[in-house]
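Q: One structure, as structure tokens, below. Some questions next.
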Amino acid sequence: MNSARTNPGTADQAVEVMDLEKRFGAFRAVAGVSFAVRSGEIFGFLGPNGAGKSTTIRMLCGLLEPTAGTGRVAGFDIRTEAEKIKTRIGYMSQKFSLYDELTVEENIDFYSGIYRLPRAKKISRKDWVLQMAGLAQHRHSRTGDLSGGWKQRLALGCAVLHEPPVLFLDEPTSGVDPISRRAFWDLIYELSGQGVTVLVTTHYMEESEYCDRLGIIYRGGLVALGTPRELKTTHMTDAVLAITCERPNDAMAVIEQLADIKSVALFGSGLHAVAADADAATCAIRTALTDAGFAPPQFEQITPTLEDVFVALIEQHDRAGGAVQEGAR
3 MNSARTNPGT ADQAVEVMDL EKRFGAFRAV AGVSFAVRSG EIFGFLGPNG AGKSTTIRML
63 CGLLEPTAGT GRVAGFDIRT EAEKIKTRIG YMSQKFSLYD ELTVEENIDF YSGIYRLPRA
123 KKISRKDWVL QMAGLAQHRH SRTGDLSGGW KQRLALGCAV LHEPPVLFLD EPTSGVDPIS
183 RRAFWDLIYE LSGQGVTVLV TTHYMEESEY CDRLGIIYRG GLVALGTPRE LKTTHMTDAV
243 LAITCERPND AMAVIEQLAD IKSVALFGSG LHAVAADADA ATCAIRTALT DAGFAPPQFE
303 QITPTLEDVF VALIEQHDRA GGAVQEGAR
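Have a look at this one:
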């Protein structure tokens, strides 16, 4: 599976959102979000749990009425044509939503009925789902006996039984092992190649690299938008230092007090520090750690990862006193 894709060439928009906002009483869960998604594009919402990703998706699916702003999905208005939108989208939630007591085939039959597929269409679509998800040999297996990865494939198949042009995936691989996660993304690529527009929410950094474009959402607001490459080049002009040192947790507490350091975070068994001047930061960190009794650290200036970009943007947002309340849904 290629982790880097070129953006689809078509200019038509499958999803358009302008100044979308959702309030629950005085609490603003989504704060003036604007973006557009091209037909056939894989668009990712990257953000921590509680950032506002799911609330945004639910408004686009016609499940929540916006407090303010406008939007269109598959050509329909999210305020006035929510029921039409529901017939043109597929939706898969983080929580497994099929019936464990039914067999694989019975779950597919059930959802075929929900989508009111004609009888001839039901047969062909069932066969397609079984082949697409690799479940043909398990069609009579009880769904509850499947592994998490196979369950997610079945849920994806049921979400696209009616061939929707737009597919919403809300943290679809949460709790799934890395190998199953990669296989699941192969299926997403297959659907995108067939022209399906995919909006996926995730908090997995490596998973976000698979998207054509990303919106980084935090505290209800969109803090950055672009391809993974663009985010790493245009939103990360500072130097990133990979630091190998003893007791990285304790070392981080020392480094984050330094004026030359914009942010520092644990990364594997070491640390990543962000600074405007790599040489000055290296000198300051080496001196501070040595004075604190640490063995001399090792440094390497590296190309930033999406995790570096994400941490830097969040730190920047918090330093600026982000206007959106913490705890957005």
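Residues in the sequence shown are numbered consecutively from 3, following our numbering. The beta-carbon is built from N, C-alpha and C at its ideal position, and this holds for glycine as well.
#1: Among residues of its own chain, excluding the 5 on either side of Ala325, which ones have a beta-carbon nearer than 6 Å to its beta-carbon?
#2: Can you tell me whether Glu173 is buried or exposed, with buried defined as 16 or more other CB within 10 angstroms of its CB?
#3: Which stretch, first to last residue, makes up the beta strand (DSSP E) that contains Gln303?
#4: By DSSP, does Glu192 sit in helix, in strand, or in coil?
#5: From the DSSP secondary-structure annotation, give me the bridge partner or partners of Val35.
#6: Hey, how far is the Cα of Lys24 from the Cα of Ala253?
#7: Could you pull out every residue in the same chain whose Cβ sits closer than 7 Å to the Cβ of Lys55, ignoring the five residues on either side in sequence?
#8: Nearest-angstrom Cα distance between Gln327 and Gly223?
#9: Would you mind giving the Cβ-Cβ distance between Glu209 and Arg231, rounded to the nearest angstrom? I have them listed as a contact below 8 Å.
#10: Just tell me which of Trp152, Met207, Leu119 and Arg215 has its CA closest to the CA of Phe186.
#11: Would you kindly report the start and end of the unbroken alpha helix (DSSP H) that includes Gly270?
#12: Does the region 133 to 143 come close enough to the region 111 to 121 that 3 or more CB-CB pairs lie under 8 Å?
#13: How about Pro68 and Ile80: do their beta carbons lie closer than 9 Å?
#14: Quick one: any contact between the region 255 to 270 and the region 89 to 103, if contact means 3 or more CB pairs under 8 Å?
#15: DSSP has Ile219 in a bridge; who is on the other side?
#16: Report yes or no: do three or more beta-carbon pairs, one from the region 283 to 290 and one from the region 240 to 247, lie closer than 8 Å?
#17: Just to confirm, are Phe45 and Val75 a CB contact at a threshold of 9 Å?
#18: Which partner residues does Ile263 have in the DSSP bridge list?
#19: Per DSSP, what are the beta-bridge partners of Val168 in this structure?
#20: Taking DSSP's pairing of strands, which residues face Val242 in a bridge?
#21: If you run the structure through DSSP and keep just helix, strand and coil, what is Phe98?
#22: Between the C-alpha atoms of Leu171 and Asp240, what's the straight-line distance to the nearest angstrom?
#23: Rounding to the nearest angstrom, what Cα-Cα distance links Arg331 and Thr175 in this structure?
#24: For Leu132, does the count of other Cβ atoms within 10 angstroms reach 16, so buried, or fall short, so exposed?
#25: Assuming Val162 and Thr199 form a contact by the criterion Cβ under 8 Å, report the distance between their Cβ atoms to the nearest whole angstrom.
#26: What would DSSP say about Ile80, mapped onto helix, strand or coil?
#27: Just confirm the distance between the C-beta atoms of Gly159 and Ile110, as a whole number of angstroms; I'd bet it's less than 8 Å.
#28: Would you kindly report the start and end of the unbroken alpha helix (DSSP H) that includes Thr175?
A: Based on what the coordinates show:
#1: Low confidence applies to Ala325: its pLDDT is 44, below 50, so where it sits in the model is not reliable, and the reading given next is rough at best. Sequence-distant partners of Ala325 (beyond 5 residues in either direction) whose C-beta falls short of 6 Å from its own C-beta are missing from its chain.
#2: buried
#3: Gln300 to Ile304
#4: helix
#5: Leu22
#6: The alpha-carbon atoms of Lys24 and Ala253 are separated by roughly 41 Å.
#7: Phe47, Gly49, Thr203 and Ile219
#8: Interpretation of Gln327 is limited by its pLDDT of 39, a score under 50 that renders its predicted location unreliable; the figure taken from the coordinates is listed afterwards. Distance between the alpha carbons of Gln327 and Gly223 is about 10 Å.
#9: Taking the Cβ atoms as the reference, Glu209 lies roughly 16 Å from Arg231, outside the contact range of under 8 Å.
#10: Trp152
#11: From DSSP, Gly270 is part of no alpha helix (DSSP H); its letter is neither H nor E.
#12: no
#13: yes
#14: no
#15: Answer is Leu224, bridged to Ile219.
#16: yes
#17: no
#18: Ala277
#19: Ile91 and Thr199
#20: Its beta-bridge partners are Val276 and Ile304.
#21: coil
#22: 33 Å
#23: Confidence in Arg331 is poor, its pLDDT being 40 and thus under 50, which makes the residue's placement too unreliable to answer from.
#24: buried
#25: Actually they do not touch by this definition, with Cβ atoms about 12 Å apart.
#26: Ile80 falls in the coil class under three-state DSSP.
#27: 7 Å
#28: Run containing Thr175: none; DSSP gives neither H nor E here.
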